[in-house]
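K.L.:
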Ligand code: AMP
Ligand code: ZN
Ligand code: FE
Ligand code: FE
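In my numbering, the protein residues as written are 737 to 1023.
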C-alpha cells in the first residue's frame, strides 16, 4: 500500500481481534474464519477460542496462503468474587508443552462441568445425556452453547436463548461454574509464556470492581470495542485504559452466528495500530 492510499483514509488497515471457531463454541472452522476475514478485507484476525488453542495453527496456515495475518490467542475464564470474567491472551508460546497441558486441563474440566450440568438437568426431568453433548461439541472445548444446543435437539427448549434463560444462564437451576482461575494466575501464566493479557468485554460484567480487580492483577490491556459495548461503554473503557496506561483492543467476538445469532466476523474492528502495540509488547516480553 502506498502512502497516498493511507492519506485518503480509504484503506485503513482493520483487524478483528476476537473470534471463536469450531475448536470452542464457534460455528466456523478456523479456515472459514480466515477466508471470511479475507473477503471482508481485514488484514489480521485474532483466533481466541475458549481454553482451546488447536485452531491457531490451522488458521495460521490458511492465513499464510490467503495473505491474512493470524493473531494467536485464547480466551480464559477467570473468577472474581463469583463473576465469570474473561481474559484474552495473545501471543503466548502456544507450542510449549506447559501451555498445551494447561489448556488441556481446562478443557478436561469443561467436560466434567458439562457432565454435572447434564446431571442437574436430568434431576429437573430433562432427558439428555452427556454423550449427546459430546456429539454436539465434536471434540471442541465444551461450553454452555453445546449444552444449550443439546437441549434444543432434545426438544426440551425451542432455542439456545431459552436454554440459557431457563436452565444454564448464570442464575439457572442447572448452571455449574467453571474452575476458579484467579485473574492474577491467568495474567502471570500469560506473561510467563511471553503473552499479552487483555480483559475481554469489560462492559458485560455490569460492575467495574471486577474490572479493577483484573487491572490490579496486572493485565496489559482492555478490550474497548466489542458488540456488547455502546458508545458510553467505549468511552468509559477507553478512559480507564488511558488512565491506567493499558493497551486497547477490540473485536467482534464472532461465534459464527451462534451467540445471539446476530454477531458476525468483522462487525467490530480496530485499526492495525492496536495490534501493532500488542505485538510490540509481546516481542519485548519474549526478549
Ligand atoms: P461457558 O464458557 O461454557 O460458560 O459458555 C459461555 C459462552 O456461552 C459465551 O462465550 C457465549 O458464547 C455463550 N453465551 C452466553 N450467554 C448466552 C446466551 N444468553 N445466549 C447464547 N449464548 C450465550
Ligand atoms: Zn463463547
Ligand atoms: Fe467472552
Ligand atoms: Fe469470546
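All residues carry an ideal CB built from backbone N, CA and C; glycine is no exception.
Taking Cβ positions, are residue 912 and residue 852 nearer each other than 7 Å?
P.N.:
Taking the chain shown and counting its residues from 1, one reaches residue 912 at position 176. Taking the chain shown and counting its residues from 1, one reaches residue 852 at position 116. It is a contact, given that the beta carbons lie within the stated cut-off.
K.L.:
State buried or exposed for residue 777, treating a residue as buried only when at least 16 other CB atoms are found within 10 Å of its CB.
P.N.:
For this step, residue 777 is matched to residue 41 along the chain shown. Exposed, because fewer than 16 other Cβ atoms sit within 10 Å of the Cβ of residue 777.
K.L.:
Does DSSP classify residue 784 as helix, strand or coil?
P.N.:
Numbered from 1 along the chain shown, position 48 holds the residue referred to as residue 784. If DSSP states are grouped into helix, strand and coil, residue 784 belongs with the strands.
K.L.:
Residue 919 to residue 944, Cα distance in whole Å?
P.N.:
Translated into positions along the chain shown, residue 919 becomes position 183. Translated into positions along the chain shown, residue 944 becomes position 208. Each residue's alpha carbon lies about 14 Å from the other.
K.L.:
Note the first and the last residue of the continuous alpha helix (DSSP H) segment covering residue 832.
P.N.:
Along the chain shown, one-based indexing puts residue 832 at 96. That residue, residue 832, is in no alpha helix (DSSP H); it is neither H nor E in DSSP.
K.L.:
In its own chain, which residues sit with a C-beta less than 6 Å from the C-beta of residue 745, not counting the 5 before and 5 after it?
P.N.:
Mapped onto the chain shown, residue 745 falls at position 9. For residue 745, the predicted model reports a pLDDT of 45, less than 50, meaning its position is unreliable and no value from the coordinates is stated.
K.L.:
For residue 847, tell me which candidate among 820, 860 and 878 has the shortest Cα-Cα distance.
P.N.:
Walking along the chain shown from the start, residue 847 turns up at place 111. Per the Cα distances, 878.
K.L.:
Grab me the residues of residue 763's own chain with a C-beta within less than 8 Å of its C-beta, minus the 5 sequence neighbours each way, in chain order.
P.N.:
As a first step, residue 763 is located in the chain shown; it is residue number 27 there, counting from the start. So the list reads 991, 992, 993 and 994, once near-sequence residues are dropped.
K.L.:
Short check: CB of residue 759 to CB of residue 791, under 7 Å?
P.N.:
Position 23 of the chain shown, counted from the start, is the residue given in the question as residue 759. Position 55 of the chain shown, counted from the start, is the residue given in the question as residue 791. The answer is yes: Cβ separation under 7 Å.
K.L.:
Within the same chain, show all residues whose beta-carbon is closer than 6 Å to that of residue 976, passing over the 5 residues directly before and after it, in chain order.
P.N.:
In the chain shown, residue 976 corresponds to position 240, counting from 1. Here the set comprises nothing.
K.L.:
Would you report the Cα separation of residue 869 and residue 981, rounded to the nearest angstrom?
P.N.:
Within the chain shown, numbered from 1, the residue matching residue 869 stands at position 133. Within the chain shown, numbered from 1, the residue matching residue 981 stands at position 245. Using only the alpha carbons, I get a separation of about 43 Å.
K.L.:
For ligand 1, any of its heavy atoms closer than 6 Å to the Cβ of residue 879?
P.N.:
As a working note, residue 879 is residue 143 in the chain shown. Checking the Cβ of residue 879 against ligand 1 gives yes.
K.L.:
Give me the Cα-Cα distance between residue 961 and residue 986, rounded to the nearest whole angstrom.
P.N.:
The count along the chain shown starts at 1 and reaches residue 961 at position 225. The count along the chain shown starts at 1 and reaches residue 986 at position 250. Their Cα atoms are separated by approximately 4 Å.
K.L.:
Have a look at residue 940 and residue 823 and give me their C-alpha separation to the nearest angstrom.
P.N.:
Here residue 940 is taken as the residue at index 204 of the chain shown, counted from 1. Here residue 823 is taken as the residue at index 87 of the chain shown, counted from 1. Rounded to the nearest whole angstrom, the CA to CA distance from residue 940 to residue 823 is 13 Å.
K.L.:
May I have the straight-line CA-CA distance separating residue 882 from residue 825, to the nearest angstrom?
P.N.:
Position 146 of the chain shown holds residue 882. Position 89 of the chain shown holds residue 825. Those two C-alpha atoms are separated by around 23 Å.
K.L.:
For a minimum of 4 consecutive residues, which ranges assigned as the alpha helix (DSSP H) are wholly contained in the segment 840-879?
P.N.:
866-873
K.L.:
Can you check the segment 898-985 for any beta strand (DSSP E) of at least 3 residues that lies completely inside it and give the ranges in chain order?
P.N.:
932-935 and 957-961
K.L.:
Can you give me the C-alpha to C-alpha distance between residue 737 and residue 1012, rounded to a whole angstrom?
P.N.:
Locating residue 737 in the chain shown gives position 1, where the first residue counts as 1. Locating residue 1012 in the chain shown gives position 276, where the first residue counts as 1. Any reading at residue 737 must be qualified, since the residue scores a pLDDT of 42, below 50, and its modelled position is unreliable; no value is offered.
K.L.:
Can you tell me whether residue 964 sits near ligand 2, meaning its C-beta is under 6 Å from at least one heavy atom of the ligand?
P.N.:
Within the chain shown, the letter at position 228 stands for residue 964. The answer is no for residue 964.
K.L.:
So, with DSSP's three-state summary, where would you put residue 1001?
P.N.:
Within the chain shown, numbered from 1, the residue matching residue 1001 stands at position 265. Per DSSP, reduced to three states, the secondary structure at residue 1001 is coil, with no helix or strand assignment.
K.L.:
Measure the alpha-carbon distance for residue 948 versus residue 988 and round it to whole angstroms.
P.N.:
Translated into positions along the chain shown, residue 948 becomes position 212. Translated into positions along the chain shown, residue 988 becomes position 252. Answer to the nearest angstrom: the Cα atoms are 23 Å apart.
K.L.:
If you follow the beta strand (DSSP E) that residue 809 is part of, which residue opens it and which one closes it?
P.N.:
Taking the first residue of the chain shown as position 1, residue 809 is located at position 73. Where residue 809 is concerned, the enclosing beta strand (DSSP E) stretches over 805-816.
K.L.:
Would residue 946 and residue 819 qualify as a contact pair, given that the criterion is a beta-carbon distance under 7 Å?
P.N.:
What you label residue 946 is simply residue 210 of the chain shown in a count that begins at 1. What you label residue 819 is simply residue 83 of the chain shown in a count that begins at 1. For residue 946 and residue 819, yes; Cβs fall inside 7 Å.
K.L.:
Let me know the secondary structure DSSP gives residue 883 once reduced to three states.
P.N.:
Start at 1 with the first residue of the chain shown, and residue 883 comes out as number 147. Looking at residue 883 - three-state DSSP - the assignment turns out to be helix.
K.L.:
What number of angstroms, rounded off, separates the C-alpha of residue 859 from the C-alpha of residue 782?
P.N.:
Counted from its first residue, the chain shown places residue 859 at position 123. Counted from its first residue, the chain shown places residue 782 at position 46. Taking the straight line from one Cα to the other gives about 40 Å.
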